[in-house]
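Each residue of the sequence shown is one higher than the last, beginning at 1 in the UniProt record's numbering. Here a beta-carbon is modelled for each residue, glycine too, at the ideal position from N, C-alpha and C.
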Amino acid sequence: MISGSAAAVIFEVPETSPTRIERYAQCPYRYFAERILKLKDPTEDINVMQKGNILHHVLQKYFDPARKPEAGDSIEPFIRRELEAGFVKYPLVWSEKYREDLDRRDLYETLFYFLREEEERLRTSSFRPARVEYSFGSDPGAEAPALE
């Protein structure tokens with residue numbers, strides 16, 4: 001058994017909120033693991049990195065100077081097609097189907113609204129992107145050597 005003062009330091013519980021109470025009500029064990037023990041879901045870090053890779057993939061394809069959009073071509077089919085290619089190239093890990101649906105919708109909406117605004121901005125500007133990203137490192141497709 002530990003003393004009350006030691007428990008207060010080890011198991012620091014900040015002020016509560018309605019969201020914290022809801023999370024506790026949904027699953028007390030998960031609340032304990034996340035909030036008290038401060039355990040992290042290892043798939044969350046992987047998914048964050050993979051989602052970034054997917055966004056980069058779609059944007060790289062969109063701004064590729066070799067890409068020739070057809071007249072009247074909407075960005076929606078392009079985004080859907082390249083997102084699917086991105087999900088294949090950079091797979092995400094989901095424990096529940098609803099999380100997959102949320103991530104897919106979130107990535108689609110992020111790309112759709114960003115590219116729609118970017119298209120409008122480029123329409124009224126003489127600026128044209130030459131590169132999305134300059135790659136360097138040990139990757140076979142790197143355009144520059146790794147930093148030392």
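Item to check | Integer-rounded CB distance, given that Asp-103 should sit under 8 Å from Leu-92 | outcome: Looking up residue 92 in the sequence shown gives position 92. Looking up residue 103 in the sequence shown gives position 103. Leu-92 to Asp-103, Cβ: 6 Å. Contact.
Checklist entry - Which term fits residue 155, buried or exposed, when burial requires 16 or more other beta carbons within 10 angstroms of its beta carbon? => result The requested residue 155 does not occur in the structure, where the chain is confined to residues 1 to 148.
Item to check | Anticipated Cβ contact below 8 Å, Ile-54 with Leu-83, distance rounded | outcome: Taking the first residue of the sequence shown as 1, we reach residue 54 at position 54. Taking the first residue of the sequence shown as 1, we reach residue 83 at position 83. Contact flag correct, Cβ pair sits at about 7 Å.
Item to check | Helix, strand or coil at Glu-96 according to DSSP, with G and I counted as helix | outcome: Here residue 96 corresponds to residue number 96 of the sequence shown, with the count starting at 1. It is coil, neither helix nor strand.
Checklist entry - How many Å lie between Tyr-90 and Glu-118 at the Cα? => result Working through the sequence shown from its first residue, we reach residue 90 at position 90. Working through the sequence shown from its first residue, we reach residue 118 at position 118. Taking the straight line from one Cα to the other gives about 25 Å.
Next on the checklist: Can you give me the C-alpha to C-alpha distance between Tyr-108 and Arg-35, rounded to a whole angstrom?
Outcome noted: Position 108 of the sequence shown, counted from the start, is the residue given in the question as residue 108. Position 35 of the sequence shown, counted from the start, is the residue given in the question as residue 35. The straight-line gap from Cα to Cα measures roughly 31 Å.
Item to check | As assigned by DSSP and simplified to three states, the class of Asp-106 | outcome: As a position in the sequence shown, residue 106 is number 106, starting the count at 1. Helix at Asp-106.
Checklist entry - Can you tell me the Cα-Cα spacing of Ser-125 and Gln-60, whole angstroms? => result In the sequence shown, the residue the question calls residue 125 occupies position 125. In the sequence shown, the residue the question calls residue 60 occupies position 60. Computed Cα separation, rounded: 20 Å.
Checklist entry - Hey, out of Leu-115, Ile-21, Pro-65 and Val-58, whose CA is closest to Arg-81's CA? => result Sequence index remark: in the sequence shown, residue 81 carries index 81 (1-based). Checking every option, the nearest Cα to that of Arg-81 belongs to Val-58.
Next on the checklist: Suppose you measure from the CA of Ala-130 to the CA of Glu-96; what does that come to, to the nearest Å?
Outcome noted: Mapped onto the sequence shown, residue 130 falls at position 130. Mapped onto the sequence shown, residue 96 falls at position 96. The alpha-carbon atoms of Ala-130 and Glu-96 are separated by roughly 40 Å.
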